[in-house]
Every structure is written in structure tokens, then in C-alpha cells.
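What follows is one structure encoded as C-alpha cells, with my remarks underneath.
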DNA sequence: GGAATTGATCTAATAAAGCATATCAACCCG
DNA sequence: CGGGTTGATATGCTTTATTAGATCAATTCC
């Protein structure tokens, strides 16, 4: 067990998954988010607890947002996300990439 | 315009609103979250960009969670929260207080 | 084999959060 | 008026994120 002082494991997993889905290396992400690659690595391996605004930057370039949701609604929101991942591809909602794409 | 270096304004508004809904003073919240009152004030006035884990602590004692949601789904999630605020009071979901209560 | 990429690690320095504590103006209430 | 509460602010100090830069093992590709 490596020592985790940083973000919750599942949150990190989602971030890493999103990065992989875009086929970005840590250096790619670092450049777009304006952070050093070493810092990305530290965050993804749970060695630091980043500032909230740092995390916002990361999430933003990956097409995410950080939302404050009432605990009672968490399951609902999670399944909403899960569902949209399954079938909701042809959204053309904003100027953002589909995400969740495994194969291009 | 005071200088905001901290959290997004709407997120702060939600935190403050939640605290007010519970009728908690900054000192009440500080005690429960294990933070100094001065720090709560600094966060709520946007003078600091708290660490992620600090924000998690705050959100937790206020009955919230921080979720990473795809940008395309943000409006849906927000309206989901808004709707449940209107009619969804008698949930008795978990061991948590109803929240969003204006008058006791 | 050699070049290039990827992710982790190190050093060293700076900036900023975090903590403890105290103070202060504004307010309400008896 | 005097006392209590609330939120903002100040100081001094410790801890930690953040940065720039380089390096390194493992992997992939030619």
C-alpha cells in the first residue's frame, strides 16, 4: 500500500481514465493545463493534495466540471452519468469532444 | 470588485447557503469541520484557494459531495438538484438532515 | 542497438495554505 | 448601557503545494 495523502482514489481513476480516453500523455495534459508534468504525476499517484483551483483546471481541460451535489442525490447523479456514457454519444452539445471514447 | 483568488463564486454561494440553511455560524462550521473560523471566513470571501481535501471536509459536514461530471451533463445535473430542492423534502434517505430548509 | 516516449522521481527554491490566537466593528438583545 | 454573537482581519509560524529543471527505468519503434 503506497501512502495516499491526495485525492480520493476513484476521483483520480476518473481523471486518469479521461486522460487516456483522449490519448494524452501526462506531458500533453500538463501543457494544456499549464502545469509541470511532475505535478500531474504527483497528483495521479496520490502524493499531493492539490489545491481546488488546480483540480478545476485539470478537470476543465478534460471536459469535466466539479459539482457540489447533496449527498442524497449522489446515486442519482452517478447513474445519470453512467447512463449517458452508455448510449448518449450523438449529443453535439457543446464544442467538446465526446469523451468516454475507447477507440477512435 | 474585491479580488477573488479562491473558489468559483457560485460554489462559494452554495456553501454559504448550506451553512445558513443549517443555521450555523462560521464558528459552528469551523468546529465541525475541524478548521479555524478565520479560515472559513477566508474561504467564503475568496481570499484563499483551499486544498481539495479541505473543501471535501467542508462539503461533507454540510451534507454534500464533490462530483466530477462531464460538461455536457452539467445542466442536467443542476436541474436535477434544483428539482429535488423544490419537492423532494421527505426523502429520509440517509442519516442526514433534509437541508434546503428555510424555516424550521 | 539506438532513438524516442512515457511516467515516476529528485533537488532546490518560492508561493501559499493552514493553524493558533487575538482583535475589531457591527449587530442584536436584555 | 453592557454583554453576547457574528464575520472579517492581523500576526507569527509551520506545513505543503507548486514550480523549474533534470534524471531515470521501462517501453516502443525503427
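Chains as they are written, first to last, in my numbering: chain A, 1 to 104; chain B, 105 to 208.
Each residue gets a CB set at the ideal place from its N, CA and C atoms; glycine is no exception.
Every value quoted in this text rests on a predicted model; they were computed, and no experiment measured them.
Only 49, 50, 51, 52, 53 from the region 35 to 54 of chain A bring a Cβ to less than 7 Å from some Cβ of chain B. Across the region 170 to 191 of chain B, CB contacts with chain A closer than 7 Å involve 170, 171, 172, 173, 174, 175, 176, 177, 178, 180, 181, 184, 185, 188, in sequence order along the chain.
Where residue 111 (chain B) is concerned, there is no enclosing alpha helix (DSSP H), because DSSP gives it neither an H nor an E.
Scanning chain B for C-beta atoms nearer than 7 Å to the C-beta of residue 29 (chain A) yields nothing, as the closest lies near 15 Å away. The alpha-carbon separation between residue 124 (chain B) and residue 136 (chain B) amounts to approximately 15 Å. In this structure, residue 141 (chain B) sits near residue 134 (chain B), with a CB-CB distance shorter than 8 Å. The residues 77, in chain order, have a CB closer than 6 Å to that of residue 69 (chain A) in the same chain once the five nearest residues on each side in sequence are set aside. Contacts between residue 163 (chain B) and chain A, judged by CB atoms closer than 7 Å, involve 68 in chain order.
Boundaries for residue 165 (chain B): no beta strand (DSSP E) harbours it, while the alpha helix (DSSP H) harbouring it runs 156 to 165, taken from the DSSP string.
Annotated three-state conformation of residue 179 (chain B) is helix, per DSSP.
DSSP, reduced to helix, strand and coil, places residue 66 (chain A) within a strand of the structure shown.
Residues 116, 119, 120, 130 of the same chain have their beta carbon placed closer than 8 Å to that of residue 148 (chain B), with the five preceding and five following residues left out of the count. With distances taken between CA atoms, residue 59 (chain A) lies nearest to B:156 out of B:161, B:156, B:167. For residue 37 (chain A), the enclosing alpha helix (DSSP H) begins and ends at 37 to 44. In the DSSP assignment, residue 137 (chain B) falls within the unbroken alpha helix (DSSP H) covering 130 to 137.
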